[in-house]
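Visitor: Sharing a structure below in structure tokens format, with a few things to ask.
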Amino acid sequence: MDTLSRRDFAKLSVVGGLATLPILNTDWLVSSAEAKDGKELVFLSSEAVTGNWDPTSHTNLGQLTVEGFIYGYLTRARMQQPDTDELVYELATSYKLLDPHTLEFKLREGVLFHDGKPFGAEDVKATYEYGSLPDRPAQWYPGRVDVEVVDPLTVRLKTAKYGYPASLYIYLSSFLPISSAKDVANKTTLSARPNGTGPFKFASQDGDKTVMVANDKFFKGVPKLSGVRVNYVGDATTRALSLLSGQADITERLENEQAQDIGKNPAFVLRKSVSVENKYLFFRCSKPPFNDPRVRLAACHAINRSSILEVMGESGVKSSAHISPVKFGYIDVPEYPEFDPAKCQALLAEAGFPRGAGLPELEYLTSDGRYPKTKEYGEVITAMLQAQGFPVKLTVMEPAAWGNLLYDRPGGGAGHMIDCGWATGSPEPDLVLRTHFHSSSKRITGIVDKELDASLDKERSAPSLDERKRVLQQETLPMIARKAPAHSLFTSVFIHAQRKDIEGLFIYPNGVMDASVANI
Numbered sequence: 247m248d249t250l251s252r253r254d255f256a257k258l259s260v261v262g263g264l265a266t267l268p269i270l271n272t273d274w275l276v277s278s279a280e281a282k283d284g285k286e287l288v289f290l291s292s293e294a295v296t297g298n299w300d301p302t303s304h305t306n307l308g309q310l311t312v313e314g315f316i317y318g319y320l321t322r323a324r325m326q327q328p329d330t331d332e333l334v335y336e337l338a339t340s341y342k343l344l345d346p347h348t349l350e351f352k353l354r355e356g357v358l359f360h361d362g363k364p365f366g367a368e369d370v371k372a373t374y375e376y377g378s379l380p381d382r383p384a385q386w387y388p389g390r391v392d393v394e395v396v397d398p399l400t401v402r403l404k405t406a407k408y409g410y411p412a413s414l415y416i417y418l419s420s421f422l423p424i425s426s427a428k429d430v431a432n433k434t435t436l437s438a439r440p441n442g443t444g445p446f447k448f449a450s451q452d453g454d455k456t457v458m459v460a461n462d463k464f465f466k467g468v469p470k471l472s473g474v475r476v477n478y479v480g481d482a483t484t485r486a487l488s489l490l491s492g493q494a495d496i497t498e499r500l501e502n503e504q505a506q507d508i509g510k511n512p513a514f515v516l517r518k519s520v521s522v523e524n525k526y527l528f529f530r531c532s533k534p535p536f537n538d539p540r541v542r543l544a545a546c547h548a549i550n551r552s553s554i555l556e557v558m559g560e561s562g563v564k565s566s567a568h569i570s571p572v573k574f575g576y577i578d579v580p581e582y583p584e585f586d587p588a589k590c591q592a593l594l595a596e597a598g599f600p601r602g603a604g605l606p607e608l609e610y611l612t613s614d615g616r617y618p619k620t621k622e623y624g625e626v627i628t629a630m631l632q633a634q635g636f637p638v639k640l641t642v643m644e645p646a647a648w649g650n651l652l653y654d655r656p657g658g659g660a661g662h663m664i665d666c667g668w669a670t671g672s673p674e675p676d677l678v679l680r681t682h683f684h685s686s687s688k689r690i691t692g693i694v695d696k697e698l699d700a701s702l703d704k705e706r707s708a709p710s711l712d713e714r715k716r717v718l719q720q721e722t723l724p725m726i727a728r729k730a731p732a733h734s735l736f737t738s739v740f741i742h743a744q745r746k747d748i749e750g751l752f753i754y755p756n757g758v759m760d761a762s763v764a765n766i
């Protein structure tokens with residue numbers, strides 16, 4: 247198998263220029279070219295879509311899952327341990343780092359969008375330049391990028407004008423869905439109906455049901471499934487019962503007890519994987535009292551994460567950094583804040599709140615049904631904080647209401663703390679770190695910290711992957727742990743339950759699926 251991992255790429259100096267990267271394995275992408283009279287796959291999602299089909303308009307994992315069936319990507323990242331950074335070509339066939347600020351992609355010929363338009367360089371240019379605009383809600387990009395169209399099947403991503411390396415787009419190439427340039431030029435069309443190059447075409451949206459049909463012009467061959475239907479079901483128990491009753495073929499984010507019961511049934515199988523998602527207790531850093539890093543760190547030292555993992559069972563594993571172990575640059579941060587009541591009290595006193603005296607009532611927001619056990623471990627965290635003098639009130643909400651309050655806003659987001667996960671389908675760490683902890687985005691926390699910005703800028707601008715990894719592990723991740731804009735509680739283990747007779751379905755560590763060769 248001829249693949250490219252960060253160990254290979256780290257040997258290539260970004261400054262060296264003109265280095266051709268090895269060819270990646272593509273065997274797993276090949277499917278039969280014959281049309282199949284297959285069945286429809288019914289998936290029960292724990293998160294609803296937004297109603298706006300512009301891929302840059304949201305950070306919604308439920309919608310990212312739907313997009314994974316519909317859209318194509320330059321590359322794909324399977325993120326399977328131990329080679330978590332291995333990439334596979336999809337719409338791209340090769341890439342070269344021509345110089346520190348120029349990354350060239352060669353594109354696949356003969357690919358069609360669902361509306362019949364041929365895929366080419368203009369579509370990559372439109373997608374990347376539009377998506378990198380700073381006003382887009384989905385701020386996945388490290389910054390603005392200019393794209394040069396060399397010929398219909400060659401593009402060059404250029405970052406010199408914006409002051410960061412083009413190599414950052416190597417991992418991002420596995421995460422950004424490619425839209426048609428024609429759609430990007432007409433934002434009404436882009437928002438109204440998804441139009442990709444993937445194995446399934448959007449057919450209709452009926453309330454909480456997204457219906458897709460097989461793409462008979464898919465470049466790797468006609469899918470064996472006749473289509474995919476994604477139904478939003480916010481309650482985990484309902485998802486489990488619907489699977490058992492035959493109303494669905496696969497579902498996600500089950501509670502441990504539900505997964506154990508389903509696992510005993512010979513008609514079903516469980517699929518478990520360490521995910522790209524960490525679960526966080528995000529602090530509202532833009533308003534008191536969590537605008538003070540000492541109070542945030544005190545709260546972290548009040549929480550015994552081992553007790554949370556006991557609640558989670560098989561649905562979580564310990565990790566001690568603000569990124570998942572399947573992300574580039576992960577390390578167990580040596581001084582990651584652990585349960586330490588003495589440190590908690592010392593920090594509270596230093597911040598002017600001895601044993602919590604003088605703190606206002608603090609609201610902790612969480613959802614019920616979106617993620618496993620959030621209510622249960624939320625109650626545990628609330629009790630731990632109260633034991634150290636934090637006057638905390640837990641508010642448990644249904645997922646849609648919680649989602650409406652998730653993000654920062656002028657004057658500070660709702661509540662003082664909010665529980666959320668963050669799953670992105672790429673080894674790229676800045677999809678988490680820069681999104682949440684740099685003042686240019688400050689997605690949920692609202693944090694503005696010049697020292698933290700400088701460290702995030704330094705790791706982003708490192709001249710090689712080796713140097714970037716060093717900065718991440720020795721400087722940036724430890725600084726985030728010290729400043730504690732969020733407390734990373736654990737890494738999620740994704741548990742999917744499915745019919746035993748589903749074959750060929752691949753599930754990425756962010757929950758997105760590849761059903762291009764799947765069959766029932």
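Positions 247 to 766 (the numbering used here) are the ones given, in order, by the sequence shown. Here a beta-carbon is modelled for each residue, glycine too, at the ideal position from N, C-alpha and C. Every value quoted in this text rests on a predicted model; they were computed, and no experiment measured them.
1) Measuring straight from C-alpha to C-alpha, what distance separates LEU605 and PRO580?
2) So, does the stretch 498–508 touch the stretch 636–643, judging by three or more C-beta pairs under 8 Å?
3) State buried or exposed for ASP273, treating a residue as buried only when at least 16 other CB atoms are found within 10 Å of its CB.
4) Write down every uninterrupted run of the beta strand (DSSP E) in the stretch 495–561 whose length is 3 residues or greater and which is fully enclosed by it, in chain order.
5) Where PHE446 and SER521 are concerned, what is the direct C-alpha to C-alpha distance, given to the nearest angstrom?
6) On a Cα-Cα basis, can you pick out the residue from ILE554, ALA494 and ILE549 that is closest to ASP747?
7) Going by the CB atoms, is the gap between GLU332 and ARG324 shorter than 8 Å?
8) Output the residue ranges of the beta strand (DSSP E) runs that lie fully inside the stretch 584–628 and measure 3 residues or longer, sorted by chain position.
9) Who are ALA431's beta bridge partners in DSSP?
10) SER491: buried (16+ other C-beta within 10 angstroms of its C-beta) or exposed?
11) Report yes if the CB atom of ALA597 is closer than 8 Å to the CB atom of VAL563, and no otherwise.
12) So GLY356 and GLU336 are supposed to be a Cβ contact under 8 Å. How far apart are they, rounded?
13) Assuming ARG402 contacts THR339 under a Cβ cut-off of 8 Å, what Cβ separation, rounded to an integer in Å, is found between them?
14) How long is the line joining the alpha carbons of PRO301 and LEU593, rounded to whole angstroms?
15) Taking DSSP as the reference, what is the three-state secondary structure of PHE574?
16) Given this structure, state the Cα-to-Cα distance separating LYS704 from PRO411, to the nearest angstrom.
17) Does the Cβ of THR722 have 16 or more other Cβ atoms within 10 Å, making it buried, or fewer, making it exposed?
18) Would the stretch 294–311 and the stretch 753–761 be scored as touching if the rule is three or more Cβ pairs under 8 Å?
19) Could you check what DSSP says for SER779 in three-state terms: helix, strand or coil?
20) Relative to the C-alpha of LEU343, which residue among ALA294, LYS285 and TYR417 is closest?
21) Helix, strand or coil for ARG706? Go by DSSP, reduced to three states.
22) First and last residue of the beta strand (DSSP E) that includes ASN477?
23) Counting Cβ pairs closer than 8 Å, one from the stretch 475–486 and one from the stretch 376–395, do we hit at least three?
24) Cβ atoms of PRO618 and GLU293: under 8 Å apart, would you say?
Guide: In this structure, then:
1) Residue 605 sits at position 359 when you count from the first residue of the sequence shown. Residue 580 sits at position 334 when you count from the first residue of the sequence shown. Their backbone Cα atoms lie some 30 Å apart in a straight line.
2) no
3) Along the sequence shown, one-based indexing puts residue 273 at 27. Only weak support exists for where ASP273 lies, its pLDDT of 37 falling under 50; the value from the coordinates is given anyway. Exposed, since its Cβ has fewer than 16 Cβ neighbours within 10 Å.
4) 514–529
5) Here residue 446 refers to the residue found at position 200 when the sequence shown is read from its first residue. Here residue 521 refers to the residue found at position 275 when the sequence shown is read from its first residue. So the alpha carbons of these two residues sit roughly 25 Å apart.
6) Reading the sequence shown from its first residue, position 501 is the one you call residue 747. Checked all of ILE554, ALA494 and ILE549; the closest Cα to ASP747 is ALA494.
7) Within the sequence shown, the letter at position 78 stands for residue 324. Within the sequence shown, the letter at position 86 stands for residue 332. Yes; because the gap between Cβ atoms is below 8 Å, this pair is in contact.
8) 608–613
9) The residue given as residue 431 occupies position 185 in the sequence shown. In DSSP, ALA431 forms no bridge with anything.
10) Here residue 491 corresponds to residue number 245 of the sequence shown, with the count starting at 1. So SER491 ends up on the exposed side.
11) Residue numbering aside, residue 597 sits at position 351 when the sequence shown is read from its first letter. Residue numbering aside, residue 563 sits at position 317 when the sequence shown is read from its first letter. Taking 8 Å as the Cβ cut-off, ALA597 and VAL563 do not qualify as a contacting pair.
12) For the purposes of this step, residue 356 is taken as the residue at position 110 of the sequence shown. For the purposes of this step, residue 336 is taken as the residue at position 90 of the sequence shown. Not confirmed; about 13 Å, so no contact.
13) For this step, residue 402 is matched to residue 156 along the sequence shown. For this step, residue 339 is matched to residue 93 along the sequence shown. Contact flag wrong, Cβ pair sits at about 15 Å.
14) Locating residue 301 in the sequence shown gives position 55, counting from the first residue. Locating residue 593 in the sequence shown gives position 347, counting from the first residue. Computed Cα separation, rounded: 42 Å.
15) Position 328 of the sequence shown, counted from the start, is the residue given in the question as residue 574. Correct three-state label for PHE574: coil.
16) Looking up residue 704 in the sequence shown gives position 458. Looking up residue 411 in the sequence shown gives position 165. Between LYS704 and PRO411, the C-alpha separation is close to 11 Å.
17) Translated into positions along the sequence shown, residue 722 becomes position 476. Its Cβ being crowded by 16 or more others within 10 Å, THR722 is buried.
18) yes
19) Nothing about residue 779 can be reported from this structure: the residues present for the chain run from 247 to 766 only.
20) The count along the sequence shown starts at 1 and reaches residue 343 at position 97. It is TYR417 whose Cα lies nearest to the Cα of LEU343.
21) Stepping through the sequence shown from its first residue, residue 706 is reached at position 460. Three-state result, ARG706: helix.
22) As a first step, residue 477 is located in the sequence shown; it is residue number 231 there, counting from the start. Per DSSP, ASN477 belongs to the beta strand (DSSP E) from 473–478.
23) no
24) Here residue 293 refers to the residue found at position 47 of the sequence shown. Here residue 618 refers to the residue found at position 372 of the sequence shown. Taking 8 Å as the Cβ cut-off, GLU293 and PRO618 do not qualify as a contacting pair.
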